[in-house]
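As you go down the protein sequences, you meet chains A and B in turn. The opening residue of the first sequence carries number 4 in our numbering; numbering runs sequentially from there. The opening residue of the second sequence carries number 4 in our numbering; numbering runs sequentially from there. Glycine included, C-beta positions come from ideal geometry on N, C-alpha and C.
There are 2 protein chains.
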Amino acid sequence: MNIKCKKSDLLNSINISLKAIPGKTTMQILSFIAIVAENNKIDLVSNNLELGIETSLEAEVIEPGKICVDAKMFSEIIRKLPSDEITMIVDDRNSDTEEIASMQIKSGRAKFEISAMSTDEFVFLPNIQSDDNIQISQYDLRAIINQTEFSISDNENQKVMTGELFEVTENQLRVISLDGNRISIRRLTLGNQYPSKKVIIPGKTLREISKILSDKVDDNVDIYFSENHIIFKFESTTVLSRLIDGNYYDVDRMLSDDYKVKIKANKAELTETIDRSMLLRRESDKKPIVFNIKDGKIEFNMKTSIGSMDEEMEVEKEGEDLRIGFNPKFMLDALKNIEDEDVDIYFKSAKSPCFIKNDEKTYIYLILPINF
Amino acid sequence: MNIKCKKSDLLNSINISLKAIPGKTTMQILSFIAIVAENNKIDLVSNNLELGIETSLEAEVIEPGKICVDAKMFSEIIRKLPSDEITMIVDDRNSDTEEIASMQIKSGRAKFEISAMSTDEFVFLPNIQSDDNIQISQYDLRAIINQTEFSISDNENQKVMTGELFEVTENQLRVISLDGNRISIRRLTLGNQYPSKKVIIPGKTLREISKILSDKVDDNVDIYFSENHIIFKFESTTVLSRLIDGNYYDVDRMLSDDYKVKIKANKAELTETIDRSMLLRRESDKKPIVFNIKDGKIEFNMKTSIGSMDEEMEVEKEGEDLRIGFNPKFMLDALKNIEDEDVDIYFKSAKSPCFIKNDEKTYIYLILPINF
Chain A
4 MNIKCKKSDL
14 LNSINISLKA
24 IPGKTTMQIL
34 SFIAIVAENN
44 KIDLVSNNLE
54 LGIETSLEAE
64 VIEPGKICVD
74 AKMFSEIIRK
84 LPSDEITMIV
94 DDRNSDTEEI
104 ASMQIKSGRA
114 KFEISAMSTD
124 EFVFLPNIQS
134 DDNIQISQYD
144 LRAIINQTEF
154 SISDNENQKV
164 MTGELFEVTE
174 NQLRVISLDG
184 NRISIRRLTL
194 GNQYPSKKVI
204 IPGKTLREIS
214 KILSDKVDDN
224 VDIYFSENHI
234 IFKFESTTVL
244 SRLIDGNYYD
254 VDRMLSDDYK
264 VKIKANKAEL
274 TETIDRSMLL
284 RRESDKKPIV
294 FNIKDGKIEF
304 NMKTSIGSMD
314 EEMEVEKEGE
324 DLRIGFNPKF
334 MLDALKNIED
344 EDVDIYFKSA
354 KSPCFIKNDE
364 KTYIYLILPI
374 NF
Chain B
4 MNIKCKKSDL
14 LNSINISLKA
24 IPGKTTMQIL
34 SFIAIVAENN
44 KIDLVSNNLE
54 LGIETSLEAE
64 VIEPGKICVD
74 AKMFSEIIRK
84 LPSDEITMIV
94 DDRNSDTEEI
104 ASMQIKSGRA
114 KFEISAMSTD
124 EFVFLPNIQS
134 DDNIQISQYD
144 LRAIINQTEF
154 SISDNENQKV
164 MTGELFEVTE
174 NQLRVISLDG
184 NRISIRRLTL
194 GNQYPSKKVI
204 IPGKTLREIS
214 KILSDKVDDN
224 VDIYFSENHI
234 IFKFESTTVL
244 SRLIDGNYYD
254 VDRMLSDDYK
264 VKIKANKAEL
274 TETIDRSMLL
284 RRESDKKPIV
294 FNIKDGKIEF
304 NMKTSIGSMD
314 EEMEVEKEGE
324 DLRIGFNPKF
334 MLDALKNIED
344 EDVDIYFKSA
354 KSPCFIKNDE
364 KTYIYLILPI
374 NF
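This is the structure:
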């Protein structure tokens, strides 16, 4: 292998590849990136067996070849090279016959030689064919992930809760996550009608993919569905992830439009108040913030071993008076992901969940109260 | 106690006070700030027994008083208050008779009540009188600390090495730090002649004080010396530190102007090369970077379990050829703290220390080589 490429292009591709490199692993091969050079391009492949990424960049391929290198080491060295021109050379005689080879990296007056491995052991991405796809803007996909991922459960004993439901019905995409205390739902209108589908995508996949999606509304991503996998294709990158097997909860059964109290509050003020109450909270002392909802105002109170906070704010209120307590963190997570200036919150009783939602129901956040 | 002050002023003073609050302590009182309100100002006092800080701000003192509060909690709450006007109230009847009191903090529509303690147990700064002082710009003091602190030893068994020698002779201030492998020396000309003195200041004190000194050349700091303490006074802040007892090493005995090889190298190029060699270094594998010094150039080589690096750069050279190895980190620490475009490095043999110094000797960095 003998290739020349631009440092900036290579770094960009490495940064994408790193998203599928596990922080720690007992399988050394998972911490490697495969470099495959042919037809005037380089493919970088990383694969942690749940999530795999293939991304390519332009290069001058003087001699094609493939090799694996430690991802973090490779990334650190490329980052510090002195010139934008990089040459990478592997003596292929060597890499064919021995498992452990080495790769030369040259740039300006610097020359590195690092250990490398043949790609024999490397797990490349499975070749999955699917015509079953939807198209969505990268911006929207990134937003919808960020607006729901915080309520994905990390309880591995209930596997389906560690993912998000992606549900397509006609031209609607609905994304749902839940843990034992709350449900987050976002709905988006797609540009086309599609056949119905329901898949559970691992939370880890979604968090990593949201980091490499562009923030431009005009850049699209094609999402392909197969029986056990989902594939995201955008620009020169393909991300492939396993799906989570199982039936997702029937969330619609838990939603309701009935309410006894409704408030309309300024979102920024409410967020700041709840944020301040977090100061008095400690891991060991999970006290609720109490909402004392009266005509025209809410009185807030939080009391912990550290001290107490009292605050009140004006709101528009409809219905009965109510005292209800919440985990302030759950309230904050939802409020921070709403763009509206005012939010509507619906309550039934001190023991029933509240709903933060808009009239169009493009978002619904359900949060269970805490007894106090 | 009943006081009103500006949030921005209070935050500024809190940030200074926090520098004497230990990260962890078994003595709870050390993690408290004392608030002393009288004569239209508030003094904040923090003291970890090695380092103490007293800093004041303007306030409207409606009722004077004093109280202690947990520094981190206090800082977090003040930071998140909604308005720039802050009122702090302690019911003094309460704080006189009971050890544990509470303080009310009001700002805009937020009201906090946090636990507080009487100042009975608090260790205020000793009142030390001294007329023995020097004056220096805050900018210079900060610079001279940053240019030498990296070679302060953290070996508590050799106490004097955990501090820096500050040595005043006529109008010269010389600052020295050393660990077992290197010596850093900086010299500065003062605006006046002063009586000679030699004190050892704890490294921790210097690191904290450098964070609160201003970066303006025109702002001065007065440094007072007493038998066991050093006091820094600037603006509305007084920092008091214990000195380290003992005799510092006779560094002049280790310095020498003899050399067999001298090189003049571009500092930026040399720094980048050595920085790159650090990529191949691991804690478990402390291999040196080898300088192969020849006429007109240095060839660098580093070889570790991870891989190898080769690089060369042009230099002006005087004297014999030499192969010598160094810990790249020690080289980097010194080079990063030199402002000159070119550096002169003097060598005697592969087993003798090298000296990085300028002709005026305002800086001398001595580094021991590593056998390879």
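Is the CB of A104(A) under 7 Å away from at least one CB in chain B?
Chain B places no beta carbon closer than 7 Å to that of A104(A), leaving this residue out of the contacts.
Under a three-way DSSP split, which group does T425(B) fall into?
In the structure as shown, chain B starts at 4 and stops at 375, and residue 425(B) therefore has no counterpart that could be examined.
Apply the 10 Å Cβ neighbour rule to P198(A) and answer buried if 16 or more other Cβ atoms are within range, or exposed otherwise.
It is exposed - the Cβ of P198(A) has fewer than 16 other Cβ atoms within 10 Å.
Any non-hydrogen atom of the ligand NAP within 6 Å of G111(B) CB
As for the ligand NAP, it is missing from this structure, which has no ligand bound.
Indicate whether at least one CB of chain A lies closer than 7 Å to the CB of D313(B).
For D313(B), the nearest CB of chain A lies under 7 Å from its own CB, placing it at the interface with that chain.
Determine, using beta carbons only, whether L21(B) comes closer than 7 Å to chain A.
It does not; no Cβ of chain A falls within 7 Å.
Note down, in chain order, each residue of its chain lying with its Cβ closer than 8 Å to the Cβ of Y142(A), except the 5 sequence neighbours on either side.
Correct list, in chain order: L216, S217, D218, K219, V220, D222.
Chain-ordered neighbours of K114(B) on chain A, where CB pairs are closer than 9 Å
Ordered by position in chain A, the residues that pass the 9 Å Cβ test against K114(B) are S311, M312, D313, E314.
Please tell me whether I80(B) has its Cβ less than 7 Å away from any Cβ of chain A.
With a threshold of 7 Å between beta carbons, I80(B) makes contact with chain A.
Is there a Cβ from chain B that is less than 7 Å from the Cβ of S118(A)?
Yes, contact with chain B.
Show which residues of chain B have a CB atom less than 7 Å away from the CB atom of M76(A).
Under the 7 Å cutoff, chain B gives I309.
Identify the residues that DSSP records as bridge partners of R185(A): which are they?
The bridge partners DSSP lists for R185(A) are D182(A), I370(A).
Which residues in chain A sit within 9 Å of E275(B), going by Cβ to Cβ distance?
From the beta-carbon of E275(B), the residues of chain A found nearer than 9 Å are K83, P85, A113.
List the residues that DSSP assigns as beta-bridge partners of Y197(B).
Its beta-bridge partners are E173(B).
Distance cutoff 7 Å, beta carbons only. Does R279(A) sit that close to anything in chain B?
Yes, because at least one Cβ of chain B sits closer than 7 Å to the Cβ of R279(A).
Taking 7 Å as the threshold (beta carbon to beta carbon), is L209(A) in contact with chain B?
Not one chain B Cβ lies under 7 Å of L209(A).
I'd like to confirm the pairing. Which residues does DSSP put opposite F294(A) in its beta bridges?
F294(A) has F303(A), I327(A) as its beta-bridge partners, per DSSP.
Candidates S133(A), D255(A), T192(A), S140(A): closest to I179(A) by CA position
When each option's Cα is compared against that of I179(A), the closest is D255(A).
Going along the chain, which residues of the stretch 327-359 of chain A sit with their C-beta nearer than 7 Å to a C-beta in chain B?
Of all residues in the stretch 327-359 of chain A, none has a Cβ within less than 7 Å of some Cβ in chain B.
Sub-7 Å separation of L110(B) and I89(B) beta-carbons:
Checking the sequence, you will find Ser at residue 110(B) rather than Leu. In contact: S110(B) and I89(B) (Cβ atoms closer than 7 Å).
Given this structure, state the Cα-to-Cα distance separating F237(A) from Q107(A), to the nearest angstrom.
Near 31 Å, if we compare the C-alpha coordinates of Q107(A) and F237(A).
Closer than 7 Å to chain B by CB, L13(A):
So no, L13(A) is outside the interface.
Does any C-beta atom of chain B lie closer than 7 Å to the C-beta of L246(A)?
So, not an interface residue.
Does the stretch 353-361 of chain A come into contact with the stretch 13-23 of chain B, if we say contact requires no fewer than three beta-carbon pairs (one atom in each stretch) closer than 8 Å?
They do not touch, by the three-pair rule.
Cut-off 8 Å between Cβ atoms - residues of its own chain near I247(B), not counting five sequence neighbours on either side:
Result list for I247(B): K162, V163, T165, G166, I203, I204, P205, in chain order.
Can you check whether the CB of N43(B) is closer than 7 Å to the CB of V72(B)?
No; because the gap between Cβ atoms is not below 7 Å, this pair is not in contact.
Separation of T365(B) from I147(B), as counted between CA atoms
Their Cα atoms are separated by approximately 10 Å.
Run through chain A and tell me which residues come within less than 7 Å of L282(B), C-beta to C-beta.
Neighbours of L282(B) across chain A, judged by C-beta separation under 7 Å: E79, I80, K83.
Taking buried to mean at least 16 other C-beta atoms within 10 Å of its own C-beta, is Q150(A) buried or exposed?
With a 10 Å radius around the Cβ and a threshold of 16 neighbouring Cβ atoms, Q150(A) comes out buried.
Give the range of the beta strand (DSSP E) segment to which A62(B) is assigned.
Element bounds for A62(B): n/a, residue is neither H nor E.
Contact the stretch 115-124 of chain A vs the stretch 298-310 of chain B: 3+ CB pairs below 8 Å:
By the Cβ rule, the stretch 115-124 of chain A counts as touching the stretch 298-310 of chain B, because three or more pairs are nearer than 8 Å.
Within 10 angstroms of its Cβ, does K27(A) collect 16 or more other Cβ (buried), or is it exposed?
With fewer than 16 other Cβ atoms from the protein chains shown falling within 10 Å of its own Cβ, K27(A) counts as exposed.
Compare the Cα-Cα distances from R189(B) to each of L21(B), E152(B), D182(B) and report the closest residue.
When only C-alpha atoms are compared, the closest one is E152(B).
CA-to-CA distance, S352(B) to E183(B), given in whole angstroms:
Sequence inspection shows Gly at residue 183(B); the Glu mentioned does not correspond to that position. Take the alpha-carbon of G183(B) and the one of S352(B): they are about 19 Å apart.
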